[in-house]
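**Student:**
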Amino acid sequence: MIKSMTGYGRGEACAEGRRFTVELKSVNNRYCEVILRQPRSLSQFEDKIKRLIQNKVTRGRLDGYITIEETAEVTPTVKVDKALALTYYKSMEELMADLAISDKISIKDIIALPNVITLEQTEEDIEAWYPAIQQATEQALDDLIAMRENEGQRLKADILQRAEVIRGLMLGQVSERAPLVVQEYREKLTQRLAEWLENGAIDENRLAAEVAIFADRADISEELVRLNSHLAQLEQILAEGGAVGRKLDFLVQEMNREVNTIGSKANDLIITNAVVNAKSELEKIREQVQNIE
0 MIKSMTGYGR GEACAEGRRF TVELKSVNNR YCEVILRQPR SLSQFEDKIK
50 RLIQNKVTRG RLDGYITIEE TAEVTPTVKV DKALALTYYK SMEELMADLA
100 ISDKISIKDI IALPNVITLE QTEEDIEAWY PAIQQATEQA LDDLIAMREN
150 EGQRLKADIL QRAEVIRGLM LGQVSERAPL VVQEYREKLT QRLAEWLENG
200 AIDENRLAAE VAIFADRADI SEELVRLNSH LAQLEQILAE GGAVGRKLDF
250 LVQEMNREVN TIGSKANDLI ITNAVVNAKS ELEKIREQVQ NIE
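So in numbering that gives the first Met the number 0, spot 230 of the sequence shown is number 229, and the numbers just go up one at a time.
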């Protein structure tokens, strides 16, 4: 199937009390370039995620955005340093004895001292996050590819329609007009020679030779045959689908070359107008092809 290089996809998955969201945006590019923006904690997965994307996308610049949202409370661990608390207690007792203070030491006094009670975050297994990240990425990729395929079908229909216009212009109007150009040239040349010679006799052999030279120079039959072949190839490539953007780009260049040659050979207003219109359609096809994967 023909795919555009423009698209957007989004995916979500949850694991370990977190929601992972992946967004992918793609635009035209000669090669496949993947740029990821993610929290530093996910840096270890960057190469894996890029390979996941590149396995399904062959061309285009893809910008990926990965975000993490906590969906459950993370309860920290309370750690009590009993040895430190006992040291504080004994030191406080000694100090009170030395100062002859007869006050009582409460538990509140002890736990308020530095580092007696500390909160520790539970060490997390970040590797356990990857299956959810992979799931969200694959979902975003599926959405992205579906959009690229839909856009690709629109591009395909537009290109085929324009190719049919070119076929009508070049293999219809131009092909029918070409033989008449030589005939009209013979008539104009005969009239001109007659005016020059007035009532003198026209050398039929010389006239035939001049017409033959003109006919050879103005012969566009080979160019029309090649153009017809290129149009058939264009339809075949679009029917086969896949990553055919570069192939189509080359083919459009070849078609443009044939049309230009026909325009340079044809010494005729009708053919020239048809060539101008065909080139306009080819330029629009070229613009569309630039967006095909």
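Cβ atoms here follow ideal geometry from the backbone N, Cα and C, with glycine treated the same way.
Being a predicted model, the structure only gives us computed values, none of them experimental.
How would you label L168, buried or exposed, when you count the other beta carbons within 10 angstroms and need 16 or more for buried?
**Tutor:** For the purposes of this step, residue 168 is taken as the residue at position 169 of the sequence shown. Counting Cβ neighbours within 10 Å, L168 comes out buried, since at least 16 surround it.
**Student:** Which first and last residues belong to the alpha helix (DSSP H) in which S228 is found?
**Tutor:** Taking the sequence shown and counting its residues from 1, the one referred to as residue 228 is at position 229. 220-239 is the span of the alpha helix (DSSP H), which, as asked, contains S228.
**Student:** Can you check the stretch 72-153 for any beta strand (DSSP E) of at least 3 residues that lies completely inside it and give the ranges in chain order?
**Tutor:** 76-79, 116-119
**Student:** Report yes or no: do the stretch 57-67 and the stretch 12-32 share at least 3 C-beta pairs separated by less than 8 Å?
**Tutor:** yes
**Student:** Could you give the distance in angstroms between the alpha-carbon of R29 and the alpha-carbon of R153?
**Tutor:** The sequence position of residue 29 within the sequence shown is 30, counting from 1. The sequence position of residue 153 within the sequence shown is 154, counting from 1. Rounded to the nearest angstrom, the two C-alpha atoms are 21 Å apart.
**Student:** Could you tell me whether the Cβ atoms of S25 and L61 are closer together than 8 Å?
**Tutor:** As a working mapping, residue 25 is identified with position 26 in the sequence shown. As a working mapping, residue 61 is identified with position 62 in the sequence shown. Yes, these two residues count as a Cβ contact at 8 Å.
**Student:** Please report the Cβ distance between M0 and E148, rounded to the nearest whole angstrom; I am assuming they are in contact, meaning their Cβ atoms lie under 8 Å.
**Tutor:** The residue you call residue 0 lines up with position 1 of the sequence shown. The residue you call residue 148 lines up with position 149 of the sequence shown. Their Cβ separation, rounded to whole angstroms, is 5 Å, which keeps M0 and E148 in contact under 8 Å.
**Student:** Give the single residue among E253, V33, T271 whose Cα lies nearest to the Cα of I261.
**Tutor:** Translated into the one-based positions of the sequence shown, residue 261 becomes position 262. When only C-alpha atoms are compared, the closest one is T271.
**Student:** Closest by CA to K2, which one among D141, L170, E282?
**Tutor:** Mapped onto the sequence shown, residue 2 falls at position 3. Considering only alpha carbons, the answer is D141.
**Student:** Please name the residue or residues paired with F249 in a DSSP beta bridge.
**Tutor:** Here residue 249 is taken as the residue at index 250 of the sequence shown, counted from 1. For F249, which the question treats as bridged, DSSP gives no partner whatsoever.
**Student:** Could you tell me whether the Cβ atoms of L159 and L237 are closer together than 8 Å?
**Tutor:** Locating residue 159 in the sequence shown gives position 160, counting from the first residue. Locating residue 237 in the sequence shown gives position 238, counting from the first residue. Cβ distance < 8 Å, so L159 and L237 count as in contact.
**Student:** Between which two residues does the alpha helix (DSSP H) carrying R29 extend?
**Tutor:** Translated into positions along the sequence shown, residue 29 becomes position 30. Where R29 is concerned, there is no enclosing alpha helix (DSSP H), given that its DSSP letter is neither H nor E.
**Student:** Looking at C-alpha atoms only, which residue of C31, L223, V79, L118 is the closest neighbour of I109?
**Tutor:** In the sequence shown, residue 109 corresponds to position 110, counting from 1. Taking only the C-alpha atoms, the option nearest I109 is V79.
**Student:** Which class does R36 belong to by DSSP, given the choice of helix, strand or coil?
**Tutor:** For the purposes of this step, residue 36 is taken as residue 37 along the sequence shown, with counting starting at 1. Reduced to three states, the DSSP call for R36 is strand.
**Student:** Taking 8 Å as the threshold (C-beta atoms), are A162 and I34 in contact?
**Tutor:** Position 35 of the sequence shown, counted from the start, is the residue given in the question as residue 34. Position 163 of the sequence shown, counted from the start, is the residue given in the question as residue 162. No, the Cβ-Cβ distance between I34 and A162 is not below 8 Å.
**Student:** Excluding five sequence neighbours on each side, which residues of the same chain lie with their C-beta closer than 7 Å to the C-beta of Q151?
**Tutor:** Taking the sequence shown and counting its residues from 1, one reaches residue 151 at position 152. Checking the displayed sequence, the identity of residue 151 turns out to be Gly instead of Gln. So the list reads M0, I1, K2, S3, I291, once near-sequence residues are dropped.
**Student:** Nearer than 7 Å: is that true of the beta carbon of Y7 relative to any heavy atom of the ligand FAD?
**Tutor:** This structure lacks the ligand FAD; in fact it carries no ligand of any kind.
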